[in-house]
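Engineer: Below you will find the structure I want to go over with you.
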Ligand code: UDP
């Protein structure tokens with residue numbers, strides 16, 4: 039499905055929701071709106087699985103960013119894709135870029151930007167992302183900042199797939 043939307047260049051905001059996110063939703067209505075407007079909202083962790091079970095529902099899979107992104111990259115072998123990494127402390131995204139090119143040589147990291155910037159810099163960052171020609175943008179700035187940023191700017195971003203990936207960069211940079 040993600041591959042299809044990538045091929046069709048259909049704007050797709052992907053977000054994840056774990057038990058902690060429920061607490062943030064109650065405190066932050068803007069975050070709740072951002073989640074509602076996501077094109078895909080995926081269940082992350084046993085907390086939400088248990089809550090679903092209590093309601094007599096079951097998720098097909100537990101899908102956090104650390105599982106989904108490697109699986110997506112692997113599934114895109116045989117194609118060439120450009121990725122932009124936004125988030126994390128200074129220097130982290132460069133380590134992630136190196137890790138990506140080692141594991142998935144068909145995925146080219148075409149740009150990186152740390153996740154510590156003032157809001158007024160956002161427009162410039164969007165322009166940088168668009169100039170990079172990225173197909174996929176990974177935004178790792180923690181909950182709820184990353185979701186609020188995506189909700190505000192995804193429509194101005196040319197890349198079809200935009201993911202809120204939380205701690206993925208720290209995990210990949212290890
Ligand atoms: N981060 C960032 N900008 C911020 C706050 C956090 O880039 O203003 C980064 C932080 O360096 C870390 C990631 O966002 O790499 C958030 O990780 P965390 O595990 O806290 O994510 P969450 O549990 O909120 O999904």
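Numbering (my numbering), first residue to last: 39 to 212.
Beta carbons are placed, not taken as given, at the ideal position from N, Cα and C, and that holds for glycine.
1. Name, in chain order, the residues that DSSP records as bridge partners for residue 174.
2. Where does residue 185 land, buried or exposed, given buried means 16+ other C-beta within 10 angstroms?
3. Can you check which of these residues, 101, 162, 211 and 77, is closest to residue 84 by C-alpha distance?
4. How would you call residue 55, buried or exposed, if buried means at least 16 neighbouring beta carbons within 10 angstroms?
5. Residue 130 by DSSP, collapsed to three states: which one?
6. Roughly how far, in whole angstroms, is the beta-carbon of residue 167 from the beta-carbon of residue 197, given that I think they are within contact range, below 8 Å?
7. Who are the near neighbours of residue 73 in its chain, counting only those whose CB is closer than 8 Å to its CB and skipping five residues on each side?
8. Leaving out five residues before and five after residue 76 in sequence, what residues of the same chain have Cβ atoms less than 6 Å from its Cβ?
9. Three or more C-beta pairs under 8 Å: does that hold for the segment 147-160 against the segment 112-123?
10. Run the CB neighbour count on residue 181, radius 10 Å, all protein chains shown included, and call it buried at 16 or more, exposed below.
11. Return helix, strand or coil for residue 53, following the three-state DSSP convention.
12. If we require 4 or more residues per run, which alpha helix (DSSP H) segments fall completely within the segment 53-79?
13. Please write down, chain order preserved, every residue whose beta carbon lies under 6 Å from a heavy atom of the ligand UDP.
14. Mind checking residue 143: buried by the 16 CB within 10 Å criterion, or exposed?
15. Quick one: residues in its chain with C-beta nearer than 8 Å to the C-beta of residue 155, no 5 flanking neighbours on either side, listed in chain order?
16. Taking 7 Å as the threshold (C-beta atoms), are residue 199 and residue 44 in contact?
17. Let me know if residue 107 comes out buried or exposed under the rule of 16 or more other beta-carbons within 10 Å of its beta-carbon.
Structural biologist: According to the data block:
1. 121 and 199
2. buried
3. 101
4. buried
5. helix
6. 7 Å
7. 53, 55, 59, 63, 79 and 185
8. 51 and 53
9. yes
10. buried
11. strand
12. 57-65 and 67-75
13. 125, 126, 127, 153, 154, 178, 179, 180, 181, 183, 204, 205, 207 and 208
14. exposed
15. 163
16. yes
17. buried
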